[in-house]
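Number of protein chains: 6
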Amino acid sequence: MGDDQVTDLDPETRAHLEAVATATLAGVMQKRGVRTTFLSGLAPIKPGQRMVGRARTLRFVPIREDLIETYAPRLNMQRAAIEALQSGEVLVIDARNETDAGTIGDIFAMRAIELGAVGIVTDGAVRDTPALRTMGIPVYHRASHGATYRRLHMPVDQQVPIACAGVTVVPGDVIVGDEEGVVVVPAAMVDEVAAEAAQQELEEEWGMSRVEAGESTDGAFPITPARRPEFEAWVAERQGDS
Amino acid sequence: MGDDQVTDLDPETRAHLEAVATATLAGVMQKRGVRTTFLSGLAPIKPGQRMVGRARTLRFVPIREDLIETYAPRLNMQRAAIEALQSGEVLVIDARNETDAGTIGDIFAMRAIELGAVGIVTDGAVRDTPALRTMGIPVYHRASHGATYRRLHMPVDQQVPIACAGVTVVPGDVIVGDEEGVVVVPAAMVDEVAAEAAQQELEEEWGMSRVEAGESTDGAFPITPARRPEFEAWVAERQGDS
Amino acid sequence: MGDDQVTDLDPETRAHLEAVATATLAGVMQKRGVRTTFLSGLAPIKPGQRMVGRARTLRFVPIREDLIETYAPRLNMQRAAIEALQSGEVLVIDARNETDAGTIGDIFAMRAIELGAVGIVTDGAVRDTPALRTMGIPVYHRASHGATYRRLHMPVDQQVPIACAGVTVVPGDVIVGDEEGVVVVPAAMVDEVAAEAAQQELEEEWGMSRVEAGESTDGAFPITPARRPEFEAWVAERQGDS
Amino acid sequence: MGDDQVTDLDPETRAHLEAVATATLAGVMQKRGVRTTFLSGLAPIKPGQRMVGRARTLRFVPIREDLIETYAPRLNMQRAAIEALQSGEVLVIDARNETDAGTIGDIFAMRAIELGAVGIVTDGAVRDTPALRTMGIPVYHRASHGATYRRLHMPVDQQVPIACAGVTVVPGDVIVGDEEGVVVVPAAMVDEVAAEAAQQELEEEWGMSRVEAGESTDGAFPITPARRPEFEAWVAERQGDS
Amino acid sequence: MGDDQVTDLDPETRAHLEAVATATLAGVMQKRGVRTTFLSGLAPIKPGQRMVGRARTLRFVPIREDLIETYAPRLNMQRAAIEALQSGEVLVIDARNETDAGTIGDIFAMRAIELGAVGIVTDGAVRDTPALRTMGIPVYHRASHGATYRRLHMPVDQQVPIACAGVTVVPGDVIVGDEEGVVVVPAAMVDEVAAEAAQQELEEEWGMSRVEAGESTDGAFPITPARRPEFEAWVAERQGDS
Amino acid sequence: MGDDQVTDLDPETRAHLEAVATATLAGVMQKRGVRTTFLSGLAPIKPGQRMVGRARTLRFVPIREDLIETYAPRLNMQRAAIEALQSGEVLVIDARNETDAGTIGDIFAMRAIELGAVGIVTDGAVRDTPALRTMGIPVYHRASHGATYRRLHMPVDQQVPIACAGVTVVPGDVIVGDEEGVVVVPAAMVDEVAAEAAQQELEEEWGMSRVEAGESTDGAFPITPARRPEFEAWVAERQGDS
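Top line first, the protein sequences correspond to chains A, B, C, D, E and F. Under the working numbering, the letters of the first sequence match residues 101 to 342, in that order. Under the working numbering, the letters of the second sequence match residues 101 to 342, in that order. Under the working numbering, the letters of the third sequence match residues 101 to 342, in that order. Under the working numbering, the letters of the fourth sequence match residues 101 to 342, in that order. Under the working numbering, the letters of the fifth sequence match residues 101 to 342, in that order. Under the working numbering, the letters of the sixth sequence match residues 101 to 342, in that order.
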């Protein structure tokens with residue numbers, strides 16, 4: 101049920117998003133004039149990560165000791181955001197690119213896994229990185245830090261538009277991650293972008309084959325109109341094969 | 101009536117805040133354990149600025165071209181925040197410390213003045229700095245930049261807690277500025293902090309007089325218990341004078 | 101003759117550029133889709149600076165001691181660029197935003213003045229700032245530093261496209277400066293941009309007058325179609341006056 | 101033939117460069133007064149990389165939309181630089197240390213491989229990092245980013261002196277990389293530097309053996325005149341062995 | 101004997117420190133009001149590092165060529181600090197977070213190993229990173245760089261309080277490292293902090309088990325008074341098991 | 101007496117230092133191979149500042165709450181350094197370029213004045229900037245901040261070599277400031293450097309006169325051997341005049 105709400109991606113779209121590179125998605129959106137979609141400077145905590153999900157957002161502001169009772173009590177927005185996670189969601193945290201304190205650790209990450217979350221993205225630091233590396237959830241971060249968020253942060257909002265690593269993330273955006281990093285695909289254009297990215301990767305595969313055959317990139321990538329029939333024949337042949 | 105809501109500072113508190121240094125206020129709050137109140141790296145756009153008012157907050161996020169229709173149409177949150185300004189308020193803008201585009205210019209600043217605003221604070225850049233310098237409103241900024249906010253920003257929220265120059269600002273916080281910079285005084289403790297700051301400045305004045313008389317700072321600043329009677333006699337004498 | 105080449109701006113264009121704000125020029129170019137024209141983080145070395153001229157570019161690279169004989173001998177590219185300055189030109193220096201050494205000092209600046217140069221812009225530091233402040237040429241810089249360029253830099257090229265303070269500058273671009281900072285206007289569009297900026301300032305003047313009269317900015321700035329007749333009447337009246 | 105031009109390193113020099121550490125090369129050049137040769141902050145994209153080649157340079161400047169037709173058409177300088185690569189060359193890219201867009205991706209890298217290039221070095225970001233890791237060419241970068249270069253950059257020049265990661269690189273410089281990073285060896289001193297580095301590593305090997313035998317570093321590293329006969333005996337013995 | 105001086109940790113304390121995460125230690129000290137203990141932005145040079153030892157400090161200042169004879173002769177403070185290392189110590193280097201030159205290389209690291217040192221921490225760069233990775237000593241650094249320290253640094257002091265990666269380190273402090281990074285435990289509170297961290301990890305283990313069993317984190321982590329009896333029963337049972 | 105110790109500059113040297121530009125001093129030292137003498141990024145707090153004195157150094161490290169009793173009690177190193185100031189000294193503060201807290205305020209600055217100090221230099225922030233601007237002592241800083249040093253710093257040492265704004269300062273170094281910034285002249289070379297700087301300024305004055313007369317800089321600055329007789333004649337004539 102919760103699933104229905106969030107893992108509501110069209111199956112073909114989902115298949116595309118699980119197959120294409122984040123670079124391809126960023127490139128396709130650039131061509132449509134959407135220039136700021138790739139999160140800047142975030143790294144996966146372990147090799148081989150791959151992630152597709154809907155954004156659930158969490159916003160931190162700087163700690164102000166007079167407000168701790170208001171914003172960082174036991175039942176605070178960090179906990180609320182995590183408890184609200186639904187199957188297929190990615191928790192995306194705005195920590196103002198500030199890396200001198202953690203923003204999430206292993207137990208909260210485990211709770212996210214239990215609730216069906218499929219990824220965690222923070223533009224700050226994570227705690228318990230060694231433990232997180234052993235857990236079954238992709239995590240993207242700017243750094244690792246042993247302090248808890250209370251050293252610098254207060255959780256203040258969830259499910260509002262946030263800035264994460266220089267990119268605006270709106271609840272419900274589709275978040276895709278691979279070894280290169282993380283890209284945001286706006287919900288309203290996800291089907292088109294995913295389809296176009298799949299087609300783009302086909303073109304790049306052909307372009308790569310031409311270059312591996314010793315051709316210049318000129319004509320082969322991007323494909324010029326003169327070469328397009330060749331590409332189309334190659335596609336047709338592949339489809340015949342399968 | 102709008103006035104009643106916002107220019108509701110106790111007259112004695114207001115008098116103190118108009119007289120004391122931002123450094124004194126920051127120091128008094130530090131002693132109470134509230135460590136992060138002074139906005140980092142912001143400068144007044146002209147000499148002699150002094151400002152006391154209530155915070156009205158505006159939050160920008162990074163531009164994302166697919167969301168411009170949603171967040172940056174003609175009647176957007178920047179305009180809404182400015183139109184909502186009430187007498188005695190300071191507009192405080194969260195621009196993620198990003199200085200490569202303006203966040204406000206001269207016409208919107210004039211509208212703020214017309215509505216009774218008493219200051220503008222941004223952790224990004226302002227546009228039209230030369231014109232702003234001729235206008236009757238204190239402005240604090242990190243830099244000047246000629247581009248409009250649409251180069252980098254979208255206004256997304258007003259009257260929510262924001263981060264401005266590394267400090268959390270909540271709507272209704274008291275914002276005080278002088279030539280040193282800008283400090284946030286939490287609404288809930290403003291009367292106490294203002295009174296304590298006034299007393300602190302009295303102590304510093306006495307301490308300064310002792311140092312100018314050739315004494316060491318030790319004992320004179322901060323005042324040790326042994327020297328306190330002297331200080332109190334000095335205060336009494338001054339009050340007798342006046 | 102040299103003059104003819106460089107101070108070849110259309111007189112009306114020049115008049116516009118000397119009157120409008122750099123912010124207006126940046127805004128007009130943004131509307132045309134040219135987003136990166138305002139030099140980031142550069143400040144005038146004294147109040148009241150105003151500058152219009154053609155770009156002559158100079159490019160520094162990091163010092164490499166084995167190449168000093170090649171790139172930084174007595175008759176080097178810095179000297180060459182300055183000796184090549186023609187009347188109406190602005191020397192624009194790419195110093196990779198590196199501020200820990202000067203890029204030009206007072207004697208070379210005087211030579212630039214003698215040759216008719218109308219401005220100096222560097223994204224690094226200048227030396228001899230106190231002396232430069234007394235001289236009759238606008239200077240924009242990121243910082244001041246007492247070391248000569250040889251501490252960090254070698255002059256390597258002149259009159260090539262450069263990056264200056266985050267903006268590409270091509271020889272012959274029109275460089276405009278005021279107290280806000282410096283903007284680059286591409287040579288190919290300077291007449292149109294200047295005219296449009298003059299018109300834009302007229303609209304802003306009307307908008308400002310409306311706001312000063314107590315109106316909301318909505319409708320007055322930017323001018324909505326419904327209000328345009330009013331604006332045009334105001335323009336007509338002003339022209340009648342003069 | 102192209103090979104003759106670029107893979108023209110003296111075989112003994114090449115053998116030395118393939119064997120010594122980049123740290124040794126940087127240290128040897130420091131002793132000769134050439135202080136800025138090691139590229140700052142660049143990392144290999146995979147473990148075990150090792151690279152020796154001649155520099156072919158490519159220079160990017162910031163995107164300026166009015167110049168895209170001029171500098172970033174289909175047959176632009178990026179493509180030209182890559183097509184011009186000759187056997188034994190390393191492509192070295194000046195991206196102003198700006199990491200918020202890629203500067204090269206997998207298909208162009210494959211073309212570089214096909215043309216005999218032996219490495220790619222950028223002080224910006226690369227795209228398609230996961231694919232690049234599977235390809236047979238060493239790549240050094242500051243970060244990964246999914247956007248194409250058109251988000252921030254225009255290719256403007258090739259085979260000119262550039263700044264890459266804080267170091268000046270001139271076409272034809274010898275570029276050496278290992279797991280520590282990348283160092284530039286000026287063409288004019290490569291034979292001497294390579295020979296001296298090989299000798300230095302011999303001295304360090306002896307010094308290490310002395311330290312492993314329980315001696316202090318004093319005398320053993322660097323070798324003092326008093327200890328040099330011992331070192332020479334050790335060298336003689338080794339040569340006798342082989 | 102040297103050992104007696106420095107590897108003087110209480111055996112139970114040592115056992116705790118060898119078992120707990122640096123994040124747990126940082127968190128425990130935060131609760132005690134000691135907020136700045138985790139070194140910011142330092143990474144292990146290889147996976148699986150784990151380190152416990154006493155701090156021996158070394159302080160670098162910027163190179164000043166007139167002082168090289170004074171501060172960086174053959175028998176300088178770097179060498180002195182390393183020769184003074186005793187069994188169980190960690191060498192902690194203050195390099196002002198400056199990464200454009202090495203601060204230690206493989207031969208000095210080997211000497212440290214021979215003297216019984218158990219770790220090396222620098223907030224600058226290390227040289228010879230590939231060799232260091234093969235050696236039996238944990239190393240934490242901000243970056244790798246091929247230049248020797250003389251490019252930027254002079255060793256000036258040892259065994260004084262230093263700033264390393266934003267944290268004050270006093271000689272004799274206990275330095276603990278794992279894959280997350282490095283934390284400083286003040287000597288005066290090490291027994292208490294270690295014991296509390298061990299207890300904290302027990303609580304976190306129980307909390308994790310509750311979350312893995314499908315519970316919310318609320319109540320389970322941190323443990324609320326209502327749940328504490330359950331936790332204590334779980335502890336008792338475990339102890340019965342063993 | 102105290103004076104004798106510190107205001108012990110040779111009168112001619114002092115006269116030179118009071119007359120020449122900091123840029124000239126930095127340039128003269130560069131020629132002698134001393135490259136890092138100009139403090140990076142510090143600004144005077146008011147126009148017209150000029151300063152010559154001997155360095156007294158003060159070193160801060162990051163706050164660590166467990167050490168406050170040790171390092172920041174009432175009679176701490178900040179107070180000790182200030183009380184130790186002697187006539188003719190400049191207080192030079194190492195605050196690790198950290199600007200989010202003050203390092204000195206108005207009362208301590210007044211005490212410094214009373215003790216004969218002739219300047220204050222910090223690479224962090226000052227508090228009470230508006231008051232400091234009214235006082236008779238030159239102050240150089242990176243920024244202003246209202247918080248006291250206890251927000252971030254502990255004073256830990258005085259009269260040790262420090263790093264200030266990227267430059268090593270040793271107690272007793274001669275510190276010279278003007279509107280450009282601050283330069284350190286090593287005590288051991290101050291007489292020579294001052295004399296050479298005075299001569300250099302004479303040469304620059306002649307060079308400037310040549311350029312103002314319409315000559316190229318080539319030959320006039322720096323003076324080539326061929327032009328030296330002319331320069332010398334000009335000097336002789338001037339001396340005849342006076």
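All C-beta atoms in this analysis are idealised placements derived from N, C-alpha and C, irrespective of residue type, glycine included. Keep in mind it's a predicted model, so treat the numbers as computed, not measured.
- Task: Can you have a look at D:E112 and say buried or exposed, based on whether 16 or more other CB atoms are within 10 angstroms of its CB?
- Result: Taking the fourth sequence and counting its residues from 1, the one referred to as residue 112 of chain D is at position 12. The residue is exposed, with fewer than 16 neighbouring Cβ atoms inside 10 Å.
- Query: Where does E:S309 fall in DSSP's three states?
  - Reply: Locating residue 309 of chain E in the fifth sequence gives position 209, where the first residue counts as 1. DSSP places E:S309 in helix when its eight states are reduced to three.
- Item | DSSP-derived helix/strand/coil call for E:G236 | Mapped onto the fifth sequence, residue 236 of chain E falls at position 136. If DSSP states are grouped into helix, strand and coil, E:G236 belongs with coil.
- Task: Take every Cβ of the stretch 278 to 288 of chain A, pair it with every Cβ of the stretch 161 to 174 of chain D, and state whether three or more of those distances are shorter than 8 Å.
- Result: no
- Local conformation of D:P322 per DSSP, three classes: Translated into the one-based positions of the fourth sequence, residue 322 of chain D becomes position 222. Coil at D:P322, not helix or strand.
- Item | Reference B:E183, options C:V335, C:I163, C:P329 and C:T317, closest by Cα | Position 83 of the second sequence, counted from the start, is the residue given in the question as residue 183 of chain B. Measuring from the Cα of B:E183, the nearest candidate turns out to be C:T317.
- Query: So, helix, strand or coil for C:Q130, using DSSP?
  - Reply: Sequence index remark: in the third sequence, residue 130 of chain C carries index 30 (1-based). Reduced to three states, the DSSP call for C:Q130 is helix.
- Any residues in the stretch 200 to 231 of chain F with a beta carbon nearer than 8 Å to a beta carbon of chain B? Which ones, in chain order? D200, G202, G205, D206, I207, F208, M210, R211, E214, R227, D228, T229, P230 and A231
- Task: Would you list, in chain order, the members of the stretch 174 to 189 of chain E that have their beta-carbon closer than 8 Å to a beta-carbon of chain D?
- Result: R174, L175, R179, I182 and E183
- Item | Counted within 10 angstroms of its Cβ, other Cβ atoms place F:A313 as buried (16 or more) or exposed | Taking the first residue of the sixth sequence as 1, we reach residue 313 of chain F at position 213. When all chains shown are included, F:A313 counts as exposed.
- Task: Check C:G350 in the structure and name its three-state DSSP category.
- Result: With chain C covering only 101 through 342, there is no way to say anything about residue 350 of chain C.
- Item | 8 Å CB neighbourhood of B:E280 in its chain, flanking five on each side removed | Counting from 1 along the second sequence, the entry for residue 280 of chain B is found at position 180. Answer for B:E280: A121, T122 and A123, listed in chain order.
- DSSP beta-bridge partners for B:F138? Here residue 138 of chain B corresponds to residue number 38 of the second sequence, with the count starting at 1. Per DSSP, B:V283.
- Which residues in chain F sit within 7 Å of C:A243, going by Cβ to Cβ distance? Taking the third sequence and counting its residues from 1, one reaches residue 243 of chain C at position 143. Ordered by position in chain F, the residues that pass the 7 Å Cβ test against C:A243 are G141.
- Item | Cβ-Cβ separation, E:V192 to E:R156 (assumed contact under 8 Å), whole Å | Looking up residue 156 of chain E in the fifth sequence gives position 56. Looking up residue 192 of chain E in the fifth sequence gives position 92. Confirmed, Cβ separation roughly 7 Å.
- Task: Can you give me, in chain order, the residues of the stretch 112 to 128 of chain F that have a beta carbon less than 9 Å from any beta carbon in chain C?
- Result: A121, T122, A123, T124, L125, A126 and G127
- Task: Drop a sphere of 10 angstroms on the beta-carbon of A:A336, count the other beta-carbons inside from all chains shown, and report buried for 16 or more, exposed for fewer.
- Result: In the first sequence, the residue the question calls residue 336 of chain A occupies position 236. Classification of A:A336: exposed, given that the 10 Å Cβ count is below 16.
- Query: The alpha helix (DSSP H) with A:A115 in it runs from where to where?
  - Reply: Numbered from 1 along the first sequence, position 15 holds the residue referred to as residue 115 of chain A. Its alpha helix (DSSP H) spans residues P111 to A119.
- Query: By Cβ distance, which residues of its chain are closer than 7 Å to E:E198, with the 5 residues on each side in sequence left out?
  - Reply: Walking along the fifth sequence from the start, residue 198 of chain E turns up at place 98. Cβ neighbours of E:E198 beyond the five flanking positions: G224 and L252.
- Item | Inter-residue Cα distance where the pair is C:A195 and C:T203 | Here residue 195 of chain C corresponds to residue number 95 of the third sequence, with the count starting at 1. Here residue 203 of chain C corresponds to residue number 103 of the third sequence, with the count starting at 1. Taking the straight line from one Cα to the other gives about 7 Å.
- Taking only beta-carbon atoms, is E:E303 less than 8 Å away from chain F? In the fifth sequence, residue 303 of chain E corresponds to position 203, counting from 1. Chain F, which has no Cβ nearer than 8 Å to the Cβ of E:E303, makes this no.
- Would C:E189 be called buried (16 or more neighbouring beta carbons within 10 Å of its own) or exposed? By 1-based counting over the third sequence, the position of residue 189 of chain C is 89. So C:E189 ends up on the buried side.
- Query: Do A:Q258 and A:A143 come within 8 Å of each other at the CB atom, strictly closer than that value?
  - Reply: Start at 1 with the first residue of the first sequence, and residue 143 of chain A comes out as number 43. Start at 1 with the first residue of the first sequence, and residue 258 of chain A comes out as number 158. Not in contact: A:A143 and A:Q258 (Cβ atoms no closer than 8 Å).
- Message: If I measure Cβ to Cβ from B:R327 and keep anything under 6 Å in the same chain, skipping five residues before and after, which residues do I get?
- Response: The residue labelled residue 327 of chain B in the question sits at position 227 within the second sequence. Closer than 6 Å at Cβ, skipping near neighbours: G319.
- Burial state of C:D273 (16 or more Cβ within 10 Å): Within the third sequence, the letter at position 173 stands for residue 273 of chain C. C:D273 should be labelled buried.
- Item | Neighbourhood of C:G236 by C-beta, 7 Å cutoff - its chain only, sequence neighbours within 5 removed | Indexing the third sequence from 1 puts residue 236 of chain C at position 136. Here the set comprises I213.
- Item | Rounded C-alpha distance that separates A:E296 from A:I323 | Here residue 296 of chain A refers to the residue found at position 196 when the first sequence is read from its first residue. Here residue 323 of chain A refers to the residue found at position 223 when the first sequence is read from its first residue. Cα to Cα, A:E296 sits roughly 15 Å from A:I323.
- Indicate whether C:A217 and C:Y249 have their beta-carbon atoms separated by less than 8 Å. Position 117 of the third sequence, counted from the first residue, corresponds to residue 217 of chain C. Position 149 of the third sequence, counted from the first residue, corresponds to residue 249 of chain C. Result no, Cβ atoms of C:A217 and C:Y249 do not sit closer than 8 Å.
- Which one of B:L185, B:A247, B:I275 and B:E304 has the shortest CA to CA distance from B:G205? As a first step, residue 205 of chain B is located in the second sequence; it is residue number 105 there, counting from the start. When only C-alpha atoms are compared, the closest one is B:A247.
- Item | C-alpha gap between E:Q178 and E:V161, whole angstroms | As a position in the fifth sequence, residue 178 of chain E is number 78, starting the count at 1. As a position in the fifth sequence, residue 161 of chain E is number 61, starting the count at 1. C-alpha separation (whole angstroms): 12 Å.
- Message: On a Cα-Cα basis, can you pick out the residue from E:P325, E:R154 and E:R310 that is closest to E:E221?
- Response: As a working note, residue 221 of chain E is residue 121 in the fifth sequence. For the record, residue 221 of chain E in the displayed sequence is Val; it is not Glu. The option with the nearest alpha carbon to E:V221 is E:R154.
- Query: What is the rounded straight-line gap between the Cα of A:A231 and the Cα of E:P147?
  - Reply: Here residue 231 of chain A is taken as the residue at index 131 of the first sequence, counted from 1. Here residue 147 of chain E is taken as the residue at index 47 of the fifth sequence, counted from 1. Rounded to whole angstroms, A:A231 to E:P147 spans 13 Å at the Cα level.
- Query: Can a CB atom of chain A be found closer than 8 Å to the CB of E:G307?
  - Reply: One-based indexing of the fifth sequence puts residue 307 of chain E at position 207. It does; some Cβ of chain A falls within 8 Å.
- Within the stretch 136 to 185 of chain D, ranges of the beta strand (DSSP E) (whole runs, at least 3 residues): 151 to 162
- Query: Under a CB-based cut-off of 8 Å, is C:G246 close to chain F?
  - Reply: Position 146 of the third sequence, counted from the first residue, corresponds to residue 246 of chain C. Chain F, which has a Cβ nearer than 8 Å to the Cβ of C:G246, makes this yes.
- Item | Pairwise C-alpha distance: B:D278 and B:V293 | Mapped onto the second sequence, residue 293 of chain B falls at position 193. Mapped onto the second sequence, residue 278 of chain B falls at position 178. Taking the straight line from one Cα to the other gives about 17 Å.
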